[in-house]
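So the protein lines, in turn, are chains A and B.
Residue 1 is where the first sequence starts when you use this note's numbering, and the numbers rise one by one after that.
Residue 151 is where the second sequence starts when you use this note's numbering, and the numbers rise one by one after that.
Glycine included, C-beta positions come from ideal geometry on N, C-alpha and C.
Read the structure below first, then the notes.
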Amino acid sequence: MNIERIDQIIDKHHGEPSSLIQVLLDIQAENHWLPKEALERIAERLQVPMTRIQHIATFYKAFSLVPKGKHEIHICMGTACHVRGASRVLDTVQDFTGIKPGETDLDLKFSLETVNCLGCCALGPVLEVDGKTHGKMTPTQTGDVLRKID
Amino acid sequence: MARINSPEELEQFRQTLLSQRDPNKPLISICAGAGCLASGANEVIAAFKAEIEKQGLKAEVDAKGTGCPGFCERGPLLVIYPEEICYLQVKPEDVPEIVSQTIKEKKIVERLLYVDPATGEKANRESDIPFYKNQERNLIGVNIKIDPKSIDDYLAIGGYSALSKALFQMSPEQVLGEVKKSNLRGRGGGGFPAGRKWEGSRNAPEPIKYVIVNADEGDPGAFMDRALLEGNPHSILEGLIIGAYAIGAQEGYIYVRQEYPLAVININLAIKQAEEYGFLGKNILGSNFNCKVLVHQGAGAFVCGESTALMTALEGRAGEPRPKYIRSNIVGLWGRPSVLNNVETWANVPLIINKGADWFTQYGTESSKGTKIFSLVGKITNTGLVEVPMGIPLKDIIYKIGGGIPGGKKFKAVQTGGPSGGCIPESLLNLEVGFDELTKAGSMMGSGGMIVMDEETCMVDVARYFLNFLTDESCGKCVPCREGIRQMLKILTNITQGKGREGDIELLEALSETAIEAALCALGKSAPNPFLSTLKYFREEYEAHIKEKRCPALSCKELIAYVIDPEKCQACMICQRKCPAQAIDGGKNRIHIVEQEKCTKCGTCFEVCPPRFGAVRKISGEPVPPPISEEARTIVRESKKK
């Protein structure tokens, strides 16, 4: 991510220290992770210490300090999905990709995250791949979905 | 669009809007809420637009995506006005038929109607469906009528008339008085009376004050605030501006979680439109009252739903709570008086101002007034959002509205109040729903998640699930929460894995007591609730796990085994083929056996075994029967005997 774009985002939020989280969110949304150079630029422009930025970037779930895989898999672990067997879906995905929630595989193909409720409880258990929702998942169907991703 | 500068201009504009709208012109309202979108509503909307164009009906019929009316189970769903015909589970393939039959010929497409499973009767209209019939939908009922991206749609149903009334016919004290009289209690969890909170801020000496919408809906399995924010953002905005007027604030914040991208888009758009129309900004409706509203996106932290943590996050810092020796309505955001209410609470305000406190208090019990939206999910036939008057028996929500438990299973418990709440057993199903009633039963109202559990749900695992969630979400500031919950989780995990020991229950109770006494905020104080309430009503399940290493619900993976009944197995090879772990030994005409050491207990065999055989079963607390001899495994088919 280039410095000009980071500056544009900071300017959009009027360069105020209180906008720190909003600036980080915008960068995360565009770049899918927060590179060190971006954080350094923000520290300089917003005049906030790097320790505070690190605190925020590790405190909130939305931020990642490492690059993400090409395909983002979200497994809903909300209560409704849980009682309908979400952990079995998670097991299947972990077996298939070889990664645990919060991790990205070495080929940068998959990133796996668990989320707490996607708001489509009628379809539980729910698996979301790159923003597309797959509902009423069983381990067998989960395997079918994953095999189709290239 | 020109600014609206007075109540008269507002009414005039509304009349113009209504006169341009022909109530008899067919209108297809398609739910574009999260649930319906996930089941393909966008494709249905696109198909309607294309089909209307194709049949040359653009001038004669309107189609639009709307907010969520609640019946997620049967999405994508739509309502056709003026007849109010309701079609469920609509697919793009159904669209040409709906347009040519219902829109052009005024005939009903029977197969898309709701069919009552008990009587077999079909329901043409939304209001005839039992799921809706037993509700009181003051808030969520209008969702299907409006396009959330259109302020004109909101104005057409009377929007911003409450703001106009508050600003021109009422003093701030009168507005406050009305809200106090309505006894509106906070819909986000605690149930604190909104009027008293407002009054505290109003009376605080500090001249600059804030109003805040808490839209950081974090309870897993709860999505009613999302439906309101996505479906009817102006109602929340209107409530917020009225609140600002009542307490003397000129600035408001909406803290909305970034996990709800559509809500973020819709509320931002609503603010922009309200500014253009003069409902926000300087000199609102010509009243000399100024108010501006900003949106702040949450970055994903459950604890930010707590009022002081949320305000810290608004200041651009890590959202950790602080001790509340002084309440945040006196010293809140930036150290100033701040009224923070939940989305649903704010959405109630315009209704109370327009219809009066007496109208509001006709619903509910002695101490809980009005209606409440619940998200009814889990092992329930009709998953969705339901809005009911306070005081309705739990039984009615689950059976009359929810349609009971699917698959002929037995009801076990309903969990309310999110991770801070508790489980209510069958013996208490006559309980009337209300803030104090639920607390008395060991649970709480919370934000309104209602998760139904059946006989296959293990209650120890439910407690473990919530503790796991809370361990993850604990901000780490205070020791009882950071360390105590972690230890509780460890013990509960051990119990579900068959490593429970005598004395574990007592140890969990001791840890609970400490967390309740000493944790800093509500997250930690209420974290033991899921454990305490399940222990209270389902102690025997804990004991079975600890003493007999048995999971009565046959759910805990480490305590169960899948076995194939040799008497029932027909060697059809379905489970053998589907098993992802190749753990089934079998073959043509050879009775199958689960190789226990290979089995990952994913349950696939159990699911795929044809019900007419029902040969795969789960066992717990008993040894796996030894495999039958190789000779006995061969099946000789009757037809081959000759």
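Ile-404(B), DSSP secondary structure in three states:
strand
Is any beta-carbon of chain B found at less than 7 Å from that of Asn-116(A)?
yes
Can you tell me whether Glu-128(A) is helix, strand or coil according to DSSP?
strand
With 16 other CB atoms within 10 Å as the buried threshold, where does Thr-458(B) fall?
buried
I need the straight-line Cα distance from Thr-566(B) to Ala-413(B), nearest angstrom please.
24 Å
Taking the alpha-carbon positions, what's the Phe-318(B) to Glu-349(B) distance?
20 Å
Beta-carbon separation (whole angstroms), Ala-365(B) vs Tyr-395(B), contact threshold 8 Å:
Incorrect: roughly 21 Å between the Cβ atoms, too far for contact.
For chain A, find out if any of its Cβ atoms is closer than 7 Å to the Cβ of Phe-163(B); answer yes or no.
no
Taking 7 Å as the threshold (C-beta atoms), are Tyr-360(B) and Ser-488(B) in contact?
yes
Spatial distance of Pro-157(B) from Gln-512(B) (CA atoms):
29 Å
Which residues in chain B sit within 8 Å of Ser-111(A), going by Cβ to Cβ distance?
Chain B residues near Ser-111(A): none, gap ~15 Å exceeds 8 Å.
Given that a residue counts as buried once 16 or more other Cβ atoms are within 10 Å of its Cβ, and exposed if not, what is Gly-217(B)?
buried
Pick from Ile-391(B), Gln-239(B) and Pro-232(B): whose alpha carbon is nearest that of Ala-182(B)?
Gln-239(B)
Selected residue, minimal CA-CA separation from Arg-472(B), among Asn-174(B), Leu-673(B), Pro-773(B) and Ser-705(B)
Leu-673(B)
Got a sec, what are the start and stop residues for the beta strand (DSSP E) Ala-468(B) sits in?
Premise fails: Ala-468(B) is in no beta strand (DSSP E) and is neither H nor E.
One question on the structure: do Pro-343(B) and Ile-253(B) come within less than 7 Å of each other, judged by their Cβ atoms?
no
Contacts of Lys-61(A) in chain B (Cβ-Cβ under 8 Å):
Ala-449, Gly-450 and Ala-451
Using beta-carbon positions only, say whether Leu-620(B) and Leu-642(B) come within less than 7 Å of one another.
no
To the nearest angstrom, report how far apart Ile-793(B) and Arg-335(B) are at their CA atoms.
This structure gives no information on residue 793(B), because the portion of chain B shown stretches from 151 to 792.
Which residues of chain B have a Cβ atom closer than 7 Å to the Cβ of Thr-133(A), listed in chain order?
Ala-188
Considering only residues of the same chain and omitting the five flanking positions on each side of Pro-730(B), which have a CB-CB separation below 6 Å?
none
Exposed or buried, what is Leu-326(B) when buried is set at 16 or more other beta-carbons lying within 10 Å of its beta-carbon?
buried
State buried or exposed for Ser-321(B), treating a residue as buried only when at least 16 other CB atoms are found within 10 Å of its CB.
exposed
Of the residues Lys-748(B), Leu-289(B), Pro-775(B) and Asn-492(B), the one placed nearest Arg-337(B), counting alpha carbons only:
Asn-492(B)
Contact test: Gly-450(B) Cβ vs the ligand SAM heavy atom, cutoff 6 Å:
For the structure depicted, the ligand SAM is absent and the ligand set is empty, with no information on it obtainable.
Between which two residues does the alpha helix (DSSP H) holding Ala-613(B) run?
609-623
Could you tell me whether any Cβ in chain B is nearer than 7 Å to the Cβ of His-82(A)?
yes
I'd like to know if the segment 751-769 of chain B and the segment 721-728 of chain B are in contact, where contact means that at least 3 CB-CB pairs between them fall below 8 Å.
yes
List, in order along the chain, the chain A residues whose C-beta lies closer than 9 Å to that of Ser-789(B)?
Going along chain A, no residue has its Cβ under 9 Å from Ser-789(B), so there is no contact; the nearest lies around 31 Å.
Counterpart residues of Ile-743(B) in DSSP-defined beta bridges:
Asp-735(B)
Verify whether the separation of the beta carbon atoms of Ser-111(A) and Lys-68(A) is less than 7 Å.
yes
Looking only at its chain, what residues have a beta carbon closer than 7 Å to the beta carbon of Phe-585(B), apart from the 5 residues adjacent to it on each side?
Arg-335, Gly-341, Ser-517, Ser-518 and Met-595
Contact between the segment 295-306 of chain B and the segment 185-195 of chain B (3+ Cβ pairs under 8 Å):
no
Quick check on the DSSP output: the alpha helix (DSSP H) that includes Leu-317(B) runs from which residue to which?
311-319
I want to see whether chain A comes within less than 7 Å of Pro-370(B), judged by CB atoms only; does it?
yes
What first and last residue would you give for the alpha helix (DSSP H) that runs through Tyr-282(B)?
280-283
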